[in-house]
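Just below is one structure, and these are the notes that go with it.
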DNA sequence: TGAGTGACTGTAA
DNA sequence: CTTACAGCCACTC
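Numbering (this note's numbering), first residue to last: 37 to 146.
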């Protein structure tokens, strides 16, 4: 059952963007928020991600500093890091290496 | 209805 | 450089 339809608008948009993130690439909550028009809803993006279904690569979404702030939401903190490493993303001290280089701007695709 | 919380961000000290 | 504070929107109790 999917109870994600709580808002059915904001979260859906966030999920749509998150699915556009290519493997091996990462983005920030603020970037997604701006892309959907909620520039000041960066926190809402995180909230939506917490509710994000498994078909959404939430592990590719980090804060603006490239830190795995939401790793605890994956059930196991090591899960998110492992997923990123599996995609070729280096993670050190809960932080993505060369975050600026791996950063993927949703606006670039839209 | 009101207060508290959160996977954030930007500016200030 | 790091640490603190405030603003922001949506949700839950």
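Every residue gets a Cβ at the ideal spot worked out from N, C-alpha and C, and that includes glycine.
- Taking C-alpha positions only, residue 74 is separated from residue 50 by approximately 10 Å.
- Counting other Cβ atoms within 10 Å of its Cβ, residue 45 stays below 16 and is therefore classed as exposed.
- Counting only the Cα atoms, residue 93 lies some 6 Å from residue 54.
- Here residue 60 really is in contact with residue 125; their C-beta atoms are around 6 Å apart, less than 8 Å.
- Residue pairing by DSSP puts residue 128 in a beta bridge opposite 131.
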